[in-house]
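Colleague: Sharing a structure with you now.
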Amino acid sequence: MRRTVERYNRRTRWFHAATYVVVLALLGTGWWLLSGQEGRPSPAARITGVPDTDLHFWAGWGLTGIAVAAVTLGVRGARTFARESIRYDRGDATWLRRWPGAAVSGRFPRHEGHFDPGQRIANLVLVLLLAALVGSGVGLTQVGGGAAFVWLHRVHRWATYLVTPVLLGHILIAAGLLPGYRGVARSMHLGGRLPVDVARRLWPGWLAARASAAKNESFSENRQG
Numbered sequence: 001m002r003r004t005v006e007r008y009n010r011r012t013r014w015f016h017a018a019t020y021v022v023v024l025a026l027l028g029t030g031w032w033l034l035s036g037q038e039g040r041p042s043p044a045a046r047i048t049g050v051p052d053t054d055l056h057f058w059a060g061w062g063l064t065g066i067a068v069a070a071v072t073l074g075v076r077g078a079r080t081f082a083r084e085s086i087r088y089d090r091g092d093a094t095w096l097r098r099w100p101g102a103a104v105s106g107r108f109p110r111h112e113g114h115f116d117p118g119q120r121i122a123n124l125v126l127v128l129l130l131a132a133l134v135g136s137g138v139g140l141t142q143v144g145g146g147a148a149f150v151w152l153h154r155v156h157r158w159a160t161y162l163v164t165p166v167l168l169g170h171i172l173i174a175a176g177l178l179p180g181y182r183g184v185a186r187s188m189h190l191g192g193r194l195p196v197d198v199a200r201r202l203w204p205g206w207l208a209a210r211a212s213a214a215k216n217e218s219f220s221e222n223r224q225g
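Counted from 1, the sequence shown has number 114 at position 114 by full-length UniProt numbering; the numbering is strictly sequential.
Following this line, the structure appears as structure tokens:
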């Protein structure tokens, strides 16, 4: 039987699930409306009986609520996410340079930290673009027209253009569709546990740090006992 390790806890997995459901609803309805289909109900609108404009509106507020919860109720996790996303280690440039081949072969260079260098960049880009999307969306609900509306609409539209390929790339990798990332989907789904050999291939520094922390904790408990 293959040994497994927990990559993300239940709370993190539920937060991630809520975020991607809302973001997919937001982008789906957004692209539908952006393509000039406003008078024609999308499949989601037909299923729910709610107009696409309303679905988009409420999905936007849902994402706003999730963001507020992340920086208030989940402040500790948000702090860890930020710290791990902005870290830089020697060897990160080498990792990024070798990434295209490693995504196919699975032979990733070693890196430290919870996220690999590519994830760190993607995290920062996603946060900035989603913040622009939410901020401009909220702004559009507060103005009735004029120069402010035109400017906010432009920001909202370009944030949509830019965030879409980033999210599609994230889905491609996180689903384990690339050979080098096979098995990674279990880190956020199906219990959050993935085989140790997959964790060692993708996050060797994180796995080593986790094993060391568990060993120290066990040693401390034995001494107290």
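Even glycine gets a Cβ: it sits at the ideal position worked out from N, Cα and C.
Owing to the predicted nature of the structure, the values given are computational and were not obtained by experimental measurement.
Measuring only the C-alpha atoms, how far is glutamate 112 from arginine 210?
Modeller: Whole-angstrom Cα-Cα distance: 12 Å.
Colleague: Does the Cβ of tryptophan 151 have 16 or more other Cβ atoms within 10 Å, making it buried, or fewer, making it exposed?
Modeller: It counts as exposed.
Colleague: Check the Cβ-Cβ distances between valine 163 and every residue of chain D, and say whether any is below 9 Å.
Modeller: Looking at the structure shown, chain D is missing, and only one protein chain is on hand.
Colleague: Would you give the residue range spanned by the alpha helix (DSSP H) that glutamate 84 belongs to?
Modeller: Residues 75-86.
Colleague: Counting along the chain, where does the alpha helix (DSSP H) carrying arginine 90 start and finish?
Modeller: Segment: none, arginine 90 is in no alpha helix (DSSP H) and carries neither H nor E.
Colleague: Beta-carbon separation of phenylalanine 170 and alanine 122 under 9 Å?
Modeller: Just to set this straight, residue 170 is histidine in the shown sequence, not phenylalanine. Closer than 9 Å, so yes.
Colleague: From the DSSP output, in three-state form, read off glycine 60 for me.
Modeller: In the structure shown, glycine 60 sits in a helix (DSSP, three-state: H, G or I).
Colleague: What residue does the beta strand (DSSP E) around arginine 193 start on, and which one ends it?
Modeller: From DSSP, the beta strand (DSSP E) with arginine 193 extends over 193-195.
Colleague: Buried or exposed, going by whether 16 or more other CB atoms sit within 10 Å of the CB of leucine 133?
Modeller: Per the 10 Å Cβ criterion, buried.
Colleague: For the beta strand (DSSP E) that contains valine 5, what are its first and last residues?
Modeller: Where valine 5 is concerned, the enclosing beta strand (DSSP E) stretches over 4-6.
Colleague: Exposed or buried, which one is tryptophan 14 when buried takes at least 16 other CB atoms within 10 Å?
Modeller: Classification of tryptophan 14: exposed, given that the 10 Å Cβ count is below 16.
Colleague: On the three-state DSSP scale, how would you describe leucine 167?
Modeller: Here leucine 167 sits in helix by DSSP.
Colleague: Use the C-beta contact count for glutamine 119: other C-beta atoms within 10 angstroms, 16 or more gives buried, fewer gives exposed.
Modeller: Glutamine 119 comes out buried.
Colleague: Using three-state DSSP, classify proline 179 as helix, strand or coil.
Modeller: Proline 179: helix per DSSP, three-state reduction.
Colleague: Please state whether the Cβ-Cβ distance between alanine 199 and arginine 7 is less than 9 Å.
Modeller: Yes, the Cβ-Cβ distance between alanine 199 and arginine 7 is below 9 Å.
Colleague: Would a C-beta distance cut-off of 9 Å place leucine 207 and alanine 103 closer than the cut-off?
Modeller: Taking 9 Å as the Cβ cut-off, leucine 207 and alanine 103 do not qualify as a contacting pair.
Colleague: So the candidates are Gly192, Arg11, His56, Ala25; which of them puts its Cα closest to the Cα of leucine 167?
Modeller: For leucine 167, the nearest C-alpha among the options comes from Ala25.
Colleague: Which residue marks the beginning of the alpha helix (DSSP H) containing valine 127, and which one marks its end?
Modeller: Note, valine 127: alpha helix (DSSP H), 117-142.
Colleague: Arginine 87 to valine 127, Cα distance in whole Å?
Modeller: Distance between the alpha carbons of arginine 87 and valine 127: 16 Å.
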